[in-house]
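Step one of this worksheet: look at the structure below.
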Amino acid sequence: MAIREILEYPDPRLNAISAPVETFDERIEQVVADLVDTLHASRSIGLSAPQIDVREQILVMDHSDDQSEPEVFVNPQILARSRLGLVEERCLSVPGLVTNVLRSTVVQVRAFDAAGTAFERELSGMPAVCLQHELDHFDGKLLADRINWFRRRRLRAALEKARKAA
6 MAIREILEYP DPRLNAISAP VETFDERIEQ VVADLVDTLH ASRSIGLSAP
56 QIDVREQILV MDHSDDQSEP EVFVNPQILA RSRLGLVEER CLSVPGLVTN
106 VLRSTVVQVR AFDAAGTAFE RELSGMPAVC LQHELDHFDG KLLADRINWF
156 RRRRLRAALE KARKAA
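Numbering (our numbering), first residue to last: 6 to 171.
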């Protein structure tokens, strides 16, 4: 288990497409453990494998107050969506950006756990929104892609200036 570096916009690796997991083995369990450690260290609620430079469809979420209930979704597929809402989002890979996004607030999802056991669940509220946000990473889409080009250009300039100053 390790805390991994989180890739940040505009790193081009974040735009890569992620492949489904085909073999559930110790390597996948290690990626999941690293994702959970990194998620908890960042004090966030969701993290996907592409954000730590692993191009596979693995994500973790933890919506508990004390970060004691991590959930693992491998190869997740949304089966149904309902109740559209405008929700405020942030992303660890796009620090400083807060924007409103139209998302379904209820989803039915099918996925596997780290051991390869299939499950289906209904998620509502923030867990549903978080799952959809993390799924975007599998397609190489970022929160920055959801804002207009002018705002994206300003964001990129601000992030590059902050990196040079650090």
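Where is the CB? At the ideal position from N, CA and C, for every residue including glycine.
Three-state secondary structure assigned by DSSP to residue i
i, result
"residue 5", "Because residue 5 is not part of the residues shown, which for the chain are 6 to 171, the question remains open."
"residue 155", "helix"
"residue 73", "coil"
"residue 93", "strand"
"residue 85", "strand"
"residue 6", "coil"
"residue 170", "helix"
"residue 19", "helix"
N-terminal and C-terminal residue of the beta strand (DSSP E) that residue i is part of
i, result
"residue 62", "Per DSSP, residue 62 belongs to no beta strand (DSSP E) and is neither H nor E."
"residue 108", "104-117"
"residue 53", "51-53"
Classification of residue i by the beta-carbon crowding that lies within 10 angstroms, buried from 16 upward
i, result
"residue 63", "buried"
"residue 82", "exposed"
"residue 107", "exposed"
"residue 155", "exposed"
Top-ranked residue by Cα proximity to residue i, from the options
i, options, result
"residue 21", "158, 146, 115 and 154", "146"
"residue 134", "24, 61, 25 and 68", "68"
"residue 4", "104, 169 and 110", "Only positions 6 to 171 of the chain appear in this structure, which leaves residue 4 out of reach."
"residue 138", "41, 104, 7 and 35", "104"
"residue 56", "39, 31 and 116", "39"
"residue 70", "53, 161 and 48", "48"
"residue 41", "72, 169 and 59", "72"
Boundaries (first-last residue) of the alpha helix (DSSP H) holding residue i
i, result
"residue 99", "Note, residue 99: premise wrong, no alpha helix (DSSP H); not H, not E."
"residue 32", "31-47"
"residue 132", "131-143"
Query raised in the report: With a cut-off of 8 angstroms, do at least 3 Cβ pairs link the region 142-162 to the region 6-22?
Result: With a cut-off of 8 angstroms, the region 6-22 and the region 142-162 count as touching, because enough Cβ pairs lie within range.
Query raised in the report: Do the region 71-79 and the region 89-101 touch if we need at least three Cβ pairs shorter than 8 angstroms?
Result: Too few Cβ pairs lie closer than 8 angstroms, so no.
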